[in-house]
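Just so you know, my numbering puts 206 at position 206 of the sequence shown, and the rest follows in order with no gaps.
Glycine residues also receive a C-beta, built at the ideal position from the N, C-alpha and C atoms.
Since the structure comes first, as structure tokens, the remarks are kept for the end.
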Amino acid sequence: MKKIRIGAGLGFYGDSWAPIATTLARGEVQYIGSDHLAELTLAILHKDRSKDPQAGYTRDLVPMLTALWPAAQARGVKFLLNAGGLNPEGAAAALRAEFAKRGWRAKIATVSGDDVLDRIDQIRGTGATLSHLDNGASIYTVRERLLFANAYLGAQPLVEALGQGADIVLTGRVADAALFLAPLVHEFGWGWSDWDRLAQGITVGHLLECSGQGSGGNFNAYGERGWQTIPDYPHLGFPIAEVSEDGSAVITKAPGSGGRVDFDTLRQQLLYEVHNPHRYFSPDVVLDMGTLRLDDLGHDRVKVTGATGLPRPNALKVVAGYADGWAGSATIGYSWPQAYAKAQTAERIVRQLIAERQLEYEDIHTEFIGLNSLLGPLADTSHAEELNEVYLRMLVRTPDRRLAEAFPRQFPWLALSGPPTASGFSGMDAPRALLGLWPTLVPRDLVEAQVKVSVSAT
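Here is the structure:
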């Protein structure tokens, strides 16, 4: 039976690509799927593009493929990456230029059409509401502040690019797992209504899309086989899927690499970012995880079978971003004894000054680093008075940039005129532009009719 091996690439913009080099050297893969886009990554790319119209793609793309392409080309490995972000064509142009300088040959494809920002009113004119998925609000409450709007595409245009001989497929916003499903559909010829096989492919993609998280990274378990027993974190290997034509898969990693692939590491990744395991939506299929089997074969090998697929949804998810005001922030630290009490006193002083000076902020947020900045209201504060050090961090939100700039000015004088042992003042933090996210749905035919696949050679 024919088998295809796919390796995990990055799990986010800024992830390490050293494990991909290990996969290329020892993993015997034919494809690498690399996921560079978290939802908020588009906000970073929008800021880049606002400064440079040629930007808008993830800047790790060119150095990463420059480092990895010689080994990949020698082994015939193809890459699928959503590193195109808001500008897939710009990403491809930058990559082609770098490859040309080095005399390297590759067929580079771009998949575009996920960007629907300029078509919001046209889409609304068809009857699509584009209302907020969580609260039902009208998109016209933020229409004039929209900065980007991108639909999650499925695997079909990626399969088309591979069918045209692409060695590297660069996309904008696609469903993460589509980067891994596409090679399977391309190689095995699965039909677009073969729901169970497509569901198996989406399962494989979901297990690989978060890089090292599928092989013991970020492993939130304790005890005899908990996180402290994961071997060789510095050289953790990214997961690899060996997939058969019937969709069954064995998840493993490159021989000799760090980390661990077993039932527990994979089941934790399986449920990552899943709201309803019986209806896990993707553009290509709805996955029911309830029938999945994970059989631990030992030696970093887990067999995955039994996925059930339901027909794909009629709508695609869109994530739009809009300008949502400004944030001002400041941080100041206090040391033992009574570090927490000092920080609390400093907070009360700042809040009193804000009220007296009539600085009207929409929201004021306080956290005590060292006590509750990560756990929030779930933090155990019973031993707060014994802490060696506590940092007070305060943030405000306002539609007025000047008010955001004014906020940190309430802090410097505390160093000599407030509670004792003040230290670690982070300075006059510059105000930050805030981004609001607008999740919504759009009929898929309104998006897919605009999708384009372009392939060119260096």
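Per DSSP, the unbroken beta strand (DSSP E) holding Pro239 starts and ends at Pro239 to Ser244. Your pair Asp288 and Leu266 does not check out as a contact, with CB atoms roughly 18 Å apart and the cut at 8 Å.
According to the DSSP secondary-structure assignment, Phe79 is paired through a beta bridge with Ile32 and Ile168. Listed as beta-bridge partners of Arg393 by DSSP are Thr331 and Glu367. The beta carbons of Leu80 and Leu158 sit closer together than 8 Å. Val204 is positioned such that its CB atom lies closer than 8 Å to that of Ala249. In the three-state reduction of the DSSP assignment, Ala109 falls in the strand class, which pools E and B. Between Ala341 and Leu392, the gap from beta carbon to beta carbon reaches 8 Å or more. Counting the other CB atoms within 10 Å of its CB gives Glu356 a total below 16, which places it among the exposed residues.
Contact holds between the region 82 to 94 and the region 162 to 180, because three or more Cβ pairs, one in each stretch, are under 8 Å apart. Looking at the DSSP output, Ala175 shares a beta bridge with no other residue.
About 16 Å separates the beta carbon of Gln269 from that of Gly201, a gap too long to meet the 8 Å contact definition. Residue ranges of uninterrupted beta strand (DSSP E) with 3 or more members, entirely inside the region 278 to 361 and ordered along the chain, are 286 to 288, 293 to 296, 302 to 305, 308 to 310 and 315 to 335.
Counting only residues of its own chain and dropping the five nearest sequence neighbours on each side, Ser382 has no CB closer than 8 Å to any other CB.
Distances from the CA of Met1 to each of Pro377, Trp336 and Glu242 were compared; the closest alpha carbon is that of Glu242. With at least 16 other beta carbons inside 10 angstroms of its own, Arg260 counts as buried. For the pair Leu147 and Tyr322, the CB atoms are nearer than the 8 Å cut-off. Relative to the Cα of Gly76, the nearest Cα in the group Val319, Ile6, Ala38 and Leu95 belongs to Ile6. Per the Cβ contact rule, the region 25 to 33 is not in contact with the region 124 to 135 (fewer than 3 Cβ pairs under 8 Å).
By a beta-carbon distance limit of 8 Å, Ala67 does not contact Ile108. Their separation comes to about 17 Å.
With three or more CB-CB distances shorter than 8 Å, the region 391 to 407 counts as touching the region 358 to 369. The continuous alpha helix (DSSP H) containing Ile120 extends over residues Ile120 to Gly125. When DSSP states are grouped into helix, strand and coil, Asp232 belongs to the coil group.
The secondary-structure analysis by DSSP pairs Gly7 across a beta bridge with Ile32 and Ile240. The beta carbon of Leu403 sits closer than 8 Å to those of Trp326, Gly328, Leu359, Glu360, Tyr361 and Val396, all from its chain and outside the five residues before and after it, given in chain order. Straight-line spacing of the CA atoms in Ala93 and Leu61 works out to 12 Å. Shown here, Asp445 sits in a helix according to DSSP, grouped into three states.
Bounds of any alpha helix (DSSP H) do not take in Leu146; it lies within the beta strand (DSSP E) bounded by Leu146 to Ala151. Under DSSP, Ser454 takes part in a beta bridge, and its partners are Thr110. With a cutoff of 8 Å on beta-carbon distance, Asp246 and Leu181 are scored as not near each other. By the neighbour-count criterion, in which a residue is buried when 16 or more other Cβ atoms sit within 10 angstroms of its Cβ, Lys253 is buried. Non-local C-beta neighbours of Glu385 in its own chain, meaning closer than 8 Å and more than five positions away in sequence, comprise Gln338, Tyr340 and Ala341, ordered along the chain. The beta carbon of Ala343 lies closer than 6 Å to those of Tyr334, Phe368, Val390 and Leu392 in the same chain, with the five residues before and after it left out. Within the same chain, and ignoring the five residues on either side of Gly418 in sequence, the residues whose Cβ sits closer than 7 Å to its Cβ are Ala346 and Ile349. Cβ-Cβ distances below 6 Å link His206 to Ala177 in the same chain, with the five nearest sequence neighbours on each side left out; the list follows chain order.
If you draw a straight line from the Cα of Gly191 to the Cα of Lys452, it comes to about 21 Å.
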